[in-house]
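Comments concern the structure below.
Put into structure tokens, the structure is as follows:
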């Protein structure tokens, strides 16, 4: 998967349900662009199903497979039987910015460590199968320094590549901090070189 060009993320909330040896498991997936968004979704699910025995969860708040912003919780289940298997499935799913909450109503029959791990992992796998997704277009931030005479031309170039100016500084030269789709970065760099006859300085910020 070419993460520099984009990756799938959930486009909406999705859920499935299964009954395993009389325990009811409802698994919900939702978008999570940040750990804060993931935790807010967990709290909403807790409030929605206050009578459940457990609200176990895991999230990947970044690109697919990225472990920088992840989280998980067994929420009272034996350690390692819920959050960890859920997170493992998410990390290998190819979907980014996603949170999973598995709500369990205990049915009176113990599933054992292996049974719990399979139940929680399979819930996430099953819900991922029909998860509606959209493409997250990766964007990059650049600092661009150039001569005053090229201001109009640079602004036209940024419009052409769907770029945005986040910061402007006018001194001896013009200094912009801009953001644009990663897939268009090289085209922008080449066009800047043509426009300024190689006189522009471009530095990547992320």
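In the numbering used here, the protein residues as written are 1251 to 1456.
Idealized CB from N, CA, C, for every residue including glycine.
Since the structure is predicted, the reported quantities are computational estimates derived from the model, not experimental observations.
Checklist line | Rounded separation between residue 1251 and residue 1301 - CA only | finding: For residue 1251, the predicted model reports a pLDDT of 49, less than 50, meaning its position is unreliable; a value from the coordinates is still stated below. Spanning the two alpha carbons is a distance of roughly 41 angstroms.
Query raised in the report: How about residue 1281 and residue 1349: are their beta carbons less than 9 angstroms apart?
Result: yes
> What residues are listed by DSSP as bridge partners for residue 1480?
Replying inline: Within the shown structure, residues of the chain are numbered from 1251 to 1456, placing residue 1480 beyond reach of any answer.
Reduced DSSP secondary structure (H/G/I, E/B, other) of residue 1272:
coil
Open item on the list: Excluding the 5 residues flanking residue 1336 on each side, which residues of the same chain have their C-beta closer than 6 angstroms to its C-beta?
Closed with: 1308, 1350, 1370, 1374
Compare the Cα-Cα distances from residue 1416 to each of 1390, 1272, 1439 and report the closest residue. 1390
ask   = Looking at the structure shown, is residue 1382 part of a helix, part of a strand, or coil, going by DSSP?
value = coil
* So, helix, strand or coil for residue 1377, using DSSP? -> helix
(Q) Across the region 1427-1435 and the region 1403-1413, are there enough close Cβ pairs to call them in contact, namely three or more that are closer than 8 angstroms? (A) yes
Worksheet item: Enumerated in chain order, which unbroken segments of the beta strand (DSSP E) with a length of 3 residues or greater are wholly contained in the region 1294-1357?
Response: 1304-1310, 1320-1323, 1348-1355
Would DSSP call residue 1387 helix, strand or coil? coil
Problem set entry | Separation of residue 1265 from residue 1274, as counted between CA atoms | 13 angstroms
- Would you please state the rounded distance, in angstroms, between the beta carbons of residue 1426 and residue 1394? I believe it to be under 8 angstroms. 5 angstroms
Burial state of residue 1367 (16 or more Cβ within 10 Å): buried
Note to self: For residue 1332, which residues in the same chain have their Cβ closer than 6 angstroms to its Cβ, ignoring the five residues on either side in sequence?
What the structure shows: 1306, 1324, 1370
Item to check | Secondary structure of residue 1430, DSSP reduced to three states | outcome: strand
Cβ-based burial, residue 1343 [other Cβ within 10 Å; buried from 16]:
buried
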